Amino acid sequence: MQDVVKIHEQDNVAVALRPVKQGEVFMVGGREVVTAEEIPQGHKFALVPIKAGEEVIKYGFRIGYAREDIFPGQWIHVHNITTALGDLLTYTYKPTVTKTQQDLSAGTQHAKRPCFQGFRRSDGKAGVRNELWIVPTVGCVNSIAQAIALSGQKYVKGSIDAVAAFPHPYGCSQMGEDQENTRKILADMIHHPNAGGILVLGLGCENSNIPVLMDYIGEYDKKRVRFLQCQDVEDEMEEAMKLLGELADYAGSFQRESIDASELIVGMKCGGSDGLSGITANPVVGAFSDILCANGGTTILTEVPEMFGAETILMNRCETPELFDQTVNLINDFKNYFKRHDQTIYENPSPGNKKGGISTLEDKSLGCTQKSGSSPVKGVLAYTEPVKVKGLNLLSAPGNDLVASTALAMSGAQIVLFTTGRGTPFASPVPTIKISSNTRLAGHKEKWIDFNAGRMVEDKTKEDLAEALFSLVLEVASGKRVKSEEAGYHDWAIFKQGVTL
């Protein structure tokens, strides 16, 4: 196992891969460095003298400026480094996409087309689960939705994987675009192919009532989607269970069949990151993304505030000037969102991130965007907008774990990959594969973690782990349950952006 790592040849810092004591001696990049103090796992120390005001370089890019003179072997963290980021910026398109990347993407094309065992829906979409979903239009009926899901567990048999309710506090007392986003998300949920049957549960007097939602839902399979407005019936539980039984009969008729992996859409998210996230877990996911894109599939990267400081890397990988312009708007629109609410654009990283070794937003963003791999950016999506083109897509959503993971699912992801250095038990509307950045977490939280990328600094290469992760994704797409599914978790969260009446 490595003790320390210098990520890029231009870096003037190294990262401790284990807790390092004061006075330990390391050869890093041909230079002998003696640690001047204890360095926690995942944290940085200087390899050369860095004067106050000079750049601190990690991943080959600036992650901030030194607050004071820093000496070789000295711990570098929030006490002696500050962000170099400003507010709105002007960007110039400097494309780095090669014709080879345009034609093939940067991953490995498998000689035999990979497939998974999924469910083909009547609209042609492919699902990786066959679940019954109860979707409330408004928070007022959340308890009823949960009671229906509890009573409906008897239908989990045959090809039906689960029965789940998705409570939320919205659908009424919202204004303008905020209400529009709730309606679009509800419509996205109703069309998601991981559900074999959906009961839309309304109250009757809410702003986003069922008749209003019909314009957002558009065409739908009437056997697959049923509606119940609770104020219109005497016994809503009796009516709901009758409809759920009919939906179960329909969903139960679906069986898994072989589907080409090019129809997979996989969302990519990180949370509870540590200093190893950008060294192990996120690069492994990036290599996975390249593999899936090379085999005709689709990946989605989101959490826009955690692109700040690394956005030019993504902008210059845009396939066209039009996509570059859309990515500039993606970044600046989110910065303006912060400014409209009088919030600091760079109020990041979180306390948990800092404890794990992440010092500035640039440090976090350069690690976070490793999940995008090296494939060209093929699409840029607004919040609630479904994927339209295969390959790597960027999606507008915040960094919040539940909100961002929900946004990925609602844009079409059948599976979400979630990397973490500190661990989290949450699920999303779709199978959420938890990927640890370090082996200690994988062992400590075995009931949370599905895949250990920490082995990248122990006994496995990034390429080996990416192929193993690709195989796991195909298994999950074919029915293998992830840890949060085994625990019975189904979570989601709608992005609240406006005024509540």
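Residue numbers (the numbering used here): 503 to 1003. Note that CB positions come from ideal geometry on N, CA and C, so glycine has one too. Bear in mind that the values here come from a model prediction, so they are computed numbers and not experimental data.
The segment 907-920 in contact with the segment 974-986 per 3-pair CB rule at 8 Å: yes
Closest Cα partner of S986 within the set I700, A968, F997 and F920: Taking only the C-alpha atoms, the option nearest S986 is F920.
Where V515 falls, given that 16 or more other Cβ within 10 Å makes a residue buried: With 16 or more other Cβ atoms within 10 Å, it is buried.
Contact check, G629 vs H694, beta carbons under 9 Å: yes
Of the residues A995, Q676, N784 and S973, the one placed nearest Q619, counting alpha carbons only: S973
Cβ neighbour criterion (16 or more within 10 Å) applied to M529: exposed
Exposure of L652, with buried meaning 16 or more beta-carbon neighbours within 10 Å: exposed
Own chain partners of E965 with C-beta closer than 7 Å, once the 5 adjacent residues on each side are dropped: A789
Spatial distance of T602 from L894 (CA atoms): Residue confidence for T602 is low, a pLDDT of 48 falling below 50, so the modelled location carries little weight and cannot support an answer.
As assigned by DSSP and simplified to three states, the class of T602: With a pLDDT of 48 at T602, under the threshold of 50, the predicted position of this residue should be treated as unreliable, though the coordinate-derived value follows. Look at T602 here: in three-state DSSP terms it is helix.
Closest Cα partner of S874 within the set D792, L910 and K936: Relative to S874, the option among D792, L910 and K936 whose CA is nearest is D792.
Between the CA atoms of A750 and H581 - distance to the nearest angstrom: 58 Å
F756 versus I802: straight-line alpha-carbon distance, rounded: 27 Å
Given 8 Å, three or more beta-carbon pairs between the segment 731-738 and the segment 705-719: yes
CB contact flag (A713, H670, <9 Å): First, the amino acid is wrong: residue 713 is Pro here, not Ala. Their beta carbons are not under 9 Å apart, which means P713 does not touch H670 by this criterion.
Continuous beta strand (DSSP E) stretch holding Q619: start and end: C617 to R622
Local Cβ density within 10 Å of S760, reported as buried at 16 or more and exposed below that: S760 should be labelled exposed.
Bridge-paired residues (DSSP) for Q676: T1002
Per DSSP, the bridge partner or partners of Y567: Per DSSP, the beta bridge partners of Y567 are E557 and T584.
Buried versus exposed, by CB contacts within 10 Å (16 or more), L1003: exposed
Exposed unless 16 or more other CB atoms sit within 10 angstroms - verdict on R623: Answer is buried; the Cβ neighbour count reaches 16.
Alpha-carbon spacing of W577 relative to A568, whole angstroms: 12 Å
Backbone CA spacing between I719 and L883 [nearest angstrom]: The straight-line gap from Cα to Cα measures roughly 19 Å.
CB of L910 within 9 Å of CB of T804, strictly: yes
Environment of E765 [buried if 16+ CB atoms lie within 10 Å]: Burial state of E765 is buried, judged by a 10 Å Cβ sphere holding 16 or more other Cβ atoms.
Residue range of the unbroken beta strand (DSSP E) whose run includes E526: Here E526 belongs to no beta strand (DSSP E), and DSSP marks it neither H nor E.
G858 versus L816, D625 and H579, residue with shortest Cα-Cα distance: The closest CA to that of G858, considering only L816, D625 and H579, is found on H579.
DSSP three-state assignment for G532, whether helix, strand or coil: coil
Beta carbon of G544 nearer than 9 Å to that of L519: Between G544 and L519, the CB-CB gap stays under 9 Å.
Any alpha helix (DSSP H) of 4 or more consecutive residues that is wholly inside the segment 682-764: 712-719 and 738-753
Heavy atom of the ligand ATP within 8 Å of S779 beta-carbon: The ligand ATP is not part of this structure, which contains no ligands at all.
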